[in-house]
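In the working numbering, the protein residues as written are 1107 to 1216. Cβ coordinates follow ideal geometry from the N, Cα and C atoms, glycine included. Report on the following structure.
Below you can see the structure in the form of structure tokens.
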């Protein structure tokens, strides 16, 4: 019955030598190292500095919030600060909403 179909014999492919598993993962390792130094490390360093700044704020400091409000801290609690943004005008904001600590004298008294 096998008049038309010839028997197929498996032939071993010529071996060129197996690539080292470390060499095949080297590009992935390189990409991870680049991501670490260009993205992950600077971002975690900036977050750490922001956390230290938030913990160190005190009454009388002049700050800018993430929303762009410039004010002087008139009260501090565990999770909120009270900002005086004008004469007798006070707002409560979360500590995490403070973006930057400004130098003393930024807000001019009139």
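- Residue 1180 sits in a strand when the DSSP states are folded into three classes.
- Taking the C-beta atoms as reference points, residue 1170 is found nearer than 8 Å to residue 1208.
- Of all C-beta pairs linking the region 1159-1167 to the region 1197-1214, three or more are shorter than 8 Å, placing the two stretches in contact.
- The residue among 1165, 1192, 1193 with its C-alpha nearest the C-alpha of residue 1186 is 1165.
- Here residue 1192 has no same chain residue with a Cβ atom under 7 Å from its own Cβ, once five neighbours each way along the sequence are excluded.
- The C-beta separation of residue 1168 from residue 1210 comes to about 7 Å, placing the pair in contact by the 8 Å criterion.
- With respect to residue 1176, residue 1213 sits close: the two C-beta atoms are nearer than 8 Å.
- When rounded, the separation of the alpha-carbon atoms in residue 1152 and residue 1134 is 26 Å.
- A check of alpha carbon separations from residue 1205 across 1172, 1189, 1132 identifies 1172 as the nearest.
- In the DSSP secondary-structure assignment, residue 1206 is bridged to 1170.
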